[in-house]
Amino acid sequence: MASKRTSVLAIAAILIALLAFSFIRSGSLGNFGITVLSGLFQGMLLFLVASGLSIVFGLMDVLNLAQGSFFMLGAYVAYDVQHPGGVVDLTAAVPDPNLRFVLAVIVTVLVGAALGAVLERGLLRRLYIRPVFQLVLTFGVSLVMLELVKAIWTTTPFSWTETFGVRENFFTLFDQRFSTYRLFVVGIGLLLIVGIALLLNRTRIGIIIRAGVEDSEMVQALGINVRVVFTLVFTLGCAIAALGGAVAAPFLGASTTLASTFLLQAIAVVVLGGLGSYEGTAVGSLMVGLSIAVAQDAAIGTSLSMLPSITPMLLLVLVLLIRPSGLFGEAR
Amino acid sequence: MSKALRQNGLLLLLLAFLIGFPFLVGWLTDSSPVGIPRGDRMVMRGESVRWQAVLIEVYILAILAMSYNLLFGFTGVVSFGHALFFGMGSYILGLSLEYTGLDTGLALTLGVLAGIVICGLLGLLIGFVTLRLRGVYFAIFTLAVAEMFFIFFGRFQLTRAEDGFAISELPLWLDPAQNRLTFYYVALALFVATFLFIRRVVKSPTGAVFEAIRENEDRAQALGYNTLRFKLLSIMMAAMIAAVAGMLQVLLNKKVGPELLGVSYTVDPLLMTVIGGVGTFAGPVIGATGLHLLDVFFRNSAISIGSFTIDIATVWPLLLGGIFIVVVLIFPQGVVGTWRRWRQKARSPAQRAGPPTARPRPKEAPE
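Protein chains in written order, with the numbering used here: chain A, 528 to 859; chain B, 4 to 370.
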């Protein structure tokens with residue numbers, strides 16, 4: 528338990544240092560607030576990708592390198608459903624853009640879940656005896672998904688043009704305009720953090736998942752069909768990553784670079800928090816999100832334009848050098 | 004004994020073909036293997052010269068794939084950042100040639116040595132940090148470090164950011180724009196040297212430990228081997244060989260840019276190794292040759308089915324990814340391994356049943 532307390536202290540110290548640095552730099556409460564909200568926004572998006580990555584790794588020992596591609600696919604599907612033209616055109620059937628956005632999110636989640644289930648059932652399941660090839664396979668799947676997206680939607684990035692209610696709203700605080708949409712995404716992220724925590728801690732399936740993270744063979748020996756749980760968790764992870772892409776798209780647009788960017792950031796989060804640890808992933812997402820926002824703020828007006836994109840990788844390298852098992856991970 | 008001789012005989016035959024290749028193409032297409040002289044300079048034009056460039060690219064990719072195979076196929080360590088060593092080797096050589104202001108010959112020697120040493124140390128460092136942990140950490144770490152260097156050099160003003168910089172001067176004897184035939188033989192020599200080196204290493208006692216680590220690391224450790232040290236040796240050698248491939252690429256194109264650090268130089272050797280045959284000597288070479296030649300053939304071709312035209316160049320990566328997944332799932336030993344198993348299957352029932360003509364062979368049950 529002592530190590531856990533040091534971890535919590537370390538996290539608090541890093542967070543306070545980050546915020547203090549940002550506060551001193553920004554000078555005003557309004558600018559500081561914008562940096563914090565931006566950090567929370569990015570952190571929540573990261574959580575949506577990283578949670579699946581972490582739980583799947585803990586349970587199945589599979590690092591799904593296609594997780595970032597599900598995020599990217601989610602962004603493209605949501606964009607396609609919302610906007611006129613493209614693969615499906617719903618502007619005539621559903622003229623209300625707000626309703627169409629809800630529809631877009633639902634369609635995206637379903638597509639992500641279906642593809643995730645196919646990936647686990649059809650491909651990964653055959654390879655549990657050869658774990659190295661599982662890693663290689665998910666890498667291959669990420670390439671195929673990237674090429675598929677390029678083939679369907681071309682390589683030109685899309686920027687979100689359709690306007691709808693919550694995306695356009697602003698609220699004012701400390702003489703600064705804040706985007707309500709960012710707050711909305713942060714809210715969705717918080718809901719999911721709590722929801723998944725409840726699922727893991729309060730339900731029977733959650734107990735099985737947690738037991739499986741500890742020792743899946745033992746769970747199987749107790750007469751529980753772990754394979755079904757594997758499929759379920761993998762599907763859920765992919766669906767959540769796709770959901771992340773869908774809610775990110777109105778802000779970030781849809782582009783092929785999303786896949787590798789979010790995969791690497793999510794990996795940084797998962798390693799930072801400790802592979803397979805749920806609370807570690809939640810805390811790690813916020814830390815990486817905030818540090819990216821602070822780096823973005825710090826890079827303005829300097830020649831260090833690459834700083835924000837390198838920050839997660841620097842964090843990852845640093846954590847692996849100092850504490851490879853992560854903040855909440857057990858040493859193995 | 005005779006089997007070994009036969010196999011080496013095949014290799015020697017292949018080598019003779021590759022040595023004679025520029026002249027063979029030159030003779031077949033009636034073009035000069037050294038290009039066309041114009042004044043005191045040579046112009047690289049003609050089929051022979053063009054095909055030399057294609058084969059040089061094959062050698063480069065094969066060297067890269069062989070180094071990947073040493074790590075992945077023989078030691079069982081997965082790297083997702085092999086482009087890091089390829090690209091760093093090329094950047095170090097490029098920087099030495101362009102930014103030190105030394106005499107080109109000296110800069111070339113220095114750059115090659117520095118590139119090999121630095122990449123070896125980089126591999127050693129990355130391995131030292133992550134190889135004590137579970138295999139997945141090494142994969143993650145290489146992926147992250149490669150991406151970090153890619154982003155860094157893509158925005159680094161000194162090396163002209165994403166445009167990269169060109170190499171203005173090379174020693175005349177090596178310059179592929181002047182003496183491509185010489186460069187062809189240099190690349191061929193390095194390719195053969197890499198092949199022999201890796202075969203020598205893997206067949207040595209050290210290589211036996213590599214394979215033991217791949218099969219079961221705990222058991223290798225229990226036998227008293229310091230597996231970390233052997234894995235470090237493997238990653239260091241792989242990094243150095245990949246750096247050599249990167250340098251050849253720089254010399255061939257006379258240009259350095261962040262694309263050399265990009266993910267495609269990680270993906271290519273991975274695909275080539277897996278499709279060709281993981282953990283075999285010929286696999287990566289066959290994979291590199293096959294995939295690169297297909298790439299060259301498909302680059303400007305399109306298939307028309309009725310009114311529907313498919314541009315193969317754009318579909319090719321997708322197709323390749325699909326092939327890769329099928330190979331991983333169904334033929335995990337790649338072309339070489341599958342072929343070997345076929346031959347074994349075809350042979351063993353015949354041996355058991357005496358001469359194959361003695362009686363009709365029973366039909367094999369479908370698997």
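Where a beta carbon is used, it is the ideal one built from N, C-alpha and C, also for glycine.
Among the candidates the options, whose CA atom is the shortest distance from the CA of residue i?
| i | options | result |
| --- | --- | --- |
| residue 757/A | 738/A, 605/A, 768/A and 667/A | 738/A |
| residue 746/A | 548/A, 566/A and 587/A | 587/A |
| residue 679/A | 620/A, 615/A and 667/A | 615/A |
| residue 226/B | 336/B, 317/B, 235/B and 215/B | 215/B |
| residue 726/A | 578/A, 749/A and 686/A | 578/A |
| residue 37/B | 16/B, 110/B and 184/B | 184/B |
| residue 272/B | 84/B, 145/B and 342/B | 84/B |
| residue 267/B | 126/B, 29/B and 149/B | 149/B |
| residue 126/B | 351/B, 232/B and 300/B | 232/B |
| residue 65/B | 341/B, 330/B and 269/B | 269/B |
| residue 153/B | 321/B, 88/B and 242/B | 88/B |
Nearest-angstrom Cα distance between residue i and residue j?
| i | j | result |
| --- | --- | --- |
| residue 812/A | residue 174/B | 52 angstroms |
| residue 457/B | residue 211/B | Because chain B spans 4 through 370 in this model, residue 457/B falls outside it and cannot be assessed. |
| residue 648/A | residue 816/A | 33 angstroms |
| residue 770/A | residue 801/A | 23 angstroms |
| residue 362/B | residue 657/A | Because the pLDDT at residue 362/B is just 46, under 50, the model does not fix this residue reliably, and the value given afterwards should be weighed accordingly. One C-alpha to the other measures close to 40 angstroms. |
| residue 636/A | residue 605/A | 9 angstroms |
| residue 254/B | residue 178/B | 7 angstroms |
| residue 198/B | residue 773/A | 48 angstroms |
| residue 594/A | residue 846/A | 21 angstroms |
| residue 622/A | residue 643/A | 31 angstroms |
| residue 238/B | residue 659/A | 17 angstroms |
| residue 28/B | residue 295/B | 18 angstroms |
| residue 717/A | residue 571/A | 7 angstroms |
| residue 836/A | residue 613/A | 30 angstroms |
| residue 219/B | residue 208/B | 16 angstroms |
| residue 552/A | residue 818/A | 14 angstroms |
Contact criterion: CB-CB distance below 8 angstroms. Does residue i meet it with respect to chain B?
| i | result |
| --- | --- |
| residue 791/A | yes |
| residue 668/A | yes |
| residue 782/A | no |
| residue 731/A | no |
| residue 678/A | yes |
| residue 833/A | yes |
| residue 674/A | yes |
| residue 686/A | no |
| residue 611/A | no |
| residue 798/A | yes |
| residue 614/A | no |
| residue 622/A | no |
| residue 645/A | no |
| residue 846/A | no |
| residue 836/A | yes |
| residue 660/A | yes |
Can you check whether the C-beta of residue i is within less than 8 angstroms of a C-beta belonging to chain A?
| i | result |
| --- | --- |
| residue 335/B | yes |
| residue 238/B | no |
| residue 94/B | no |
| residue 146/B | yes |
| residue 126/B | no |
| residue 154/B | yes |
| residue 143/B | yes |
| residue 108/B | no |
| residue 278/B | no |
Grab me the residues of residue i's own chain with a C-beta within less than 8 angstroms of its C-beta, minus the 5 sequence neighbours each way, in chain order.
| i | result |
| --- | --- |
| residue 113/B | 99, 103 and 105 |
| residue 682/A | 783 |
Quick one: what's got a C-beta closer than 7 angstroms to residue i's C-beta in the same chain, skipping five residues either side?
| i | result |
| --- | --- |
| residue 276/B | 68, 71, 72, 75, 76, 286, 287 and 290 |
| residue 601/A | 635, 639, 768, 769, 770, 771, 772 and 773 |
| residue 110/B | 99, 100 and 103 |
| residue 611/A | 618 |
| residue 550/A | 559 |
| residue 235/B | 127, 130, 131 and 134 |
Along chain C, which residues have their Cβ under 8 angstroms away from the Cβ of residue i?
| i | result |
| --- | --- |
| residue 150/B | The structure shown contains no chain C; its protein chains are A and B. |
Excluding the 5 residues preceding and the 5 following residue i in the sequence, name in chain order all residues of the same chain whose CB lies nearer than 6 angstroms to its CB.
| i | result |
| --- | --- |
| residue 765/A | 597, 639 and 643 |
| residue 45/B | 38 and 181 |
| residue 92/B | 118, 122, 246, 249 and 250 |
With hydrogens ignored, establish whether the beta-carbon of residue i is closer than 7 angstroms to any heavy atom of the ligand SAM.
| i | result |
| --- | --- |
| residue 588/A | Among the components modelled here there is no ligand, and therefore nothing to report on the ligand SAM. |
> What are the uninterrupted segments assigned as beta strand (DSSP E) that are 3 or more residues long and contained completely in the region 157-213 of chain B, given in chain order?
Replying inline: none
>> Give the list of continuous alpha helix (DSSP H) stretches no shorter than 4 residues that lie fully inside the region 737-785 of chain A.
In response: 753-779
>> Quick check on the DSSP output: what are the complete alpha helix (DSSP H) runs of length 4 or more inside the region 618-687 of chain A, in order along the chain?
In response: 624-645 and 658-680
>> Could you tell me which whole alpha helix (DSSP H) segments of length 4 or greater appear in the region 43-117 of chain B?
In response: 50-72 and 85-102
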